[in-house]
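The structure appears right after this line, and notes come after that.
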Amino acid sequence: MAFTHGLGGFSWSAQQLAIFGWFEHGTGNAVVVARAGTGKTTTIIEGVNRAPEQNILLCAFNKSIATELTNRITNPRAKAQTLHSIGFAAVRRYWSGLQVDFGSKRADSLAEAVCGARTPDVIKRLVGKLCTKAREINPHATTLGDITDLLYAFECEPDESWQDAGYDAAYVEKMALAAMELAASKKPLVIDGADMIFLPVRNGWLSKQFDLVVVDEAQDMTVAQLEIALGVLKAGGRMAVVGDDRQAIYGFRGADSDSLFRLERELKAQRFGLTATRRCGSAIVAHANRLVPDFECAAAHTGSVQHLGEEQLIPSIANGDFLLSRSNAPLVSTAFALLRQGRRARIAGRDIGAGLKTIVRKLGKGNPDMEVMIERIDAWREREVKRFEAAKREAQAEQANDKADTLLVVAHESNSVADMEQRIDGLFTDDGLGQAGVITCSSVHRAKGLEADRVFVLAYTLKSHTIEEQNIDYVATTRAKNTLVLVAKAQPKPEEAGK
């Protein structure tokens, strides 16, 4: 990959220069397929700074990214905003004087209004949760079946114990749809973050105000979020959609994984590539090429790909390293092993820990001893997996297995139900991850967007039977800058092999 020197001695590649050319004087729309570590953000900002339009929007994924982009944009005609802030501005044009609460107040009030006082609180919480997810992901939903996948994906199905009383999955979905209709039609005193996406899309409140709209991380956005970006583009304006189709790993939570190429078709867009990584050494890129052939190395270092047996993991991993896995249970057992040696290890995902604690409280009623608790976890697994498999929900059955495996690891390390909760609190966090003095254990999904000099991947947890599973493998591989360590499952001892 050839580079030419830009301002300040920075080298621009031929691919980047082609993208800048589109921003400066191109016509029509553009799709930029940007592989991992290829300088995507720097390229976008440089392009926006060169664009001639009078009113330019760079869509940011969250507020912190919007602030960072704002500090780097020098074009006075451009601004970076989150899609939520764009949506909120649209809502205020129609409903003034609103308060904002990012907690559960809005969802709780909607669920209470449609369900009534007689419905159990636990069911109303499920209705509110599903209503929130549906408002964020599928704002046009009106009919039973429209949000069934979301109900299962976000664990909004009532326990079997409620079904005989009439509070089954269909009831929750029906009430959530009714809550969505109420949310769209009646002005409230308080709205939440979901309303900022939902109301402008559902009610057609978006105004076409930008001459150029740039959407970053498009593969991670929902259809609703992309609809907001499209809805504020003026007729005849230009749109640039940027992302990596091979980092599309959030389909389970409603991301439009085909967004890049769907929008390329719909917008009749010109495609640009950004394929030369400055992050990953050439050995790591070569390993990634088995999945993504157009991934190229522009890094000065070679790097290395190493192979390790699981039994060698604990003595080999060090502070500052990442440990990545497709599932959480293997991370928990490794983290406990590290903690027993007095080493600092944390698992990414405070919300994962909160979900596990909810199951612990449910199964731990009566404060059973750990032997009984383990039996209850096994029984819970059997019920959940059987239920999901009967509904042909393979992903949810897999998640139930992983949760049960994780809880069993914690249970074997604990001496009481309360101790289980404390240990979960101590393991799962979103603070201090990636620091030099901590070993960061993370699912591949949680590690997206992060990088480390040395990354250990539990290769035996990865799969390859679908494109999304291959994408997960690619994301794991490309977190490593210098050293990628692929960890193989420990082989059984000879005396155990025949058992």
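Going by the numbering used here, the residue at position 398 of the sequence shown is 1313; the numbering climbs one at a time, nothing skipped. Note that CB positions come from ideal geometry on N, CA and C, so glycine has one too. None of the values given here were measured: they were computed from a predicted structure.
Check this for me: beta carbons of residue i and residue j, under 8 angstroms apart or not?
i	j	result
Phe-1176	Asp-1159	no
His-1202	Ala-1403	no
Phe-1498	Lys-1044	An answer regarding residue 1498 cannot be provided, because it is not within the stretch 916 to 1414 covered by the chain.
Arg-1193	Ala-951	no
Ala-1356	Val-1128	Residue identity check: residue 1356 is Cys in the sequence provided, not Ala. No, Cβ-Cβ distance for Cys-1356 and Val-1128 is not below 8 angstroms.
Ile-1143	Arg-1021	no
Val-1325	Ala-1155	no
Thr-953	Thr-1217	no
Asp-1173	Phe-976	no
Leu-1373	Pro-1245	yes
Asn-944	Leu-1141	no
Leu-1253	Ile-1292	no
Pro-1426	Ala-981	With the chain running from 916 to 1414 in the structure shown, residue 1426 is simply not present.
Gly-1152	Phe-1125	yes
Val-1157	Ala-1184	no
Leu-1059	Ala-1085	yes
Who are the near neighbours of residue i in its chain, counting only those whose CB is closer than 8 angstroms to its CB and skipping five residues on each side?
i	result
Glu-1304	Ala-1312
Arg-1007	Leu-1013
Could you pull out every residue in the same chain whose Cβ sits closer than 6 angstroms to the Cβ of residue i, ignoring the five residues on either side in sequence?
i	result
Phe-1113	Arg-1050, Pro-1054
Arg-1308	Tyr-1067
Gly-962	Ile-934, Phe-935, Phe-938
Thr-1398	Ser-1219, Arg-1369
Ala-1056	Ala-1049, Ile-1062
Gly-1347	Val-1353
Arg-1302	none
Can you tell me whether residue i is helix, strand or coil according to DSSP?
i	result
Leu-1399	strand
Thr-1137	strand
Asp-1079	coil
Arg-1369	strand
Gly-1002	helix
Thr-1034	coil
Arg-950	coil
Phe-918	Confidence at Phe-918 is low in this model, with a pLDDT of 45, below 50, so the placement of that residue should be treated as unreliable; the coordinate-derived value is given next. Three-state DSSP puts Phe-918 in a strand.
Gln-1406	coil
Gln-1350	coil
Ser-926	strand
Gln-1314	helix
Gln-931	helix
Gln-1337	helix
Leu-1059	coil
Lys-1378	coil
Asn-1330	coil
Val-1207	coil
Gln-1385	helix
Asp-1320	helix
I'd like the list of long-range same chain contacts for residue i, defined as Cβ closer than 7 angstroms, with 5 residues on each side in sequence excluded.
i	result
Lys-960	Reading off the sequence shown, one finds Ile at residue 960, where the question assumed Lys. Here the set comprises Leu-984, Arg-987, Ile-988.
Ala-1405	Gly-1224, Glu-1225, Glu-1226
Arg-1296	Ala-1315, Asn-1316, Ala-1319
Gln-1385	Leu-1206, Ser-1379
Arg-1394	Phe-1237, Leu-1239, Ala-1362, Leu-1365, Glu-1366, Ala-1367, Val-1370
Ile-1267	Asn-1243, Phe-1343
Ser-1019	Gly-1043
Gly-1108	His-999, Phe-1017
Glu-1027	Lys-1039
Asn-970	Arg-992, Gln-1124, Phe-1125, Asp-1126
Glu-1328	Phe-1251, Arg-1338
Quickly, what does DSSP pair residue i with across the bridge? List them, please.
i	result
Gln-1014	Val-1105
Arg-1241	The partner list for Arg-1241 (beta bridge, DSSP) is empty, contrary to what the question assumes.
Thr-1192	Cys-1212
Val-1275	None; Val-1275 has no bridge partner.
Ala-1263	Thr-1344
Leu-1127	Ile-971, Arg-1153
Thr-1355	Phe-1237, Arg-1261
Lys-994	Leu-972
Val-1220	Leu-1399
Leu-1148	Phe-1125
Gln-1227	According to DSSP, which records beta bridges pairwise, Gln-1227 is partnered with nothing at all.
Gly-943	For Gly-943, which the question treats as bridged, DSSP gives no partner whatsoever.
Gly-1158	Val-948
Arg-1186	Val-946
| Would the region 1225–1238 and the region 1193–1211 be scored as touching if the rule is three or more Cβ pairs under 8 angstroms? | no
| request: Determine, using beta-carbon pairs with one atom in the region 1092–1104 and one in the region 1070–1083, whether at least three such pairs fall under 8 angstroms. | output: no
| message | Would you call the region 1327–1341 in contact with the region 1266–1275, where contact means no fewer than 3 C-beta pairs closer than 8 angstroms? | response | yes
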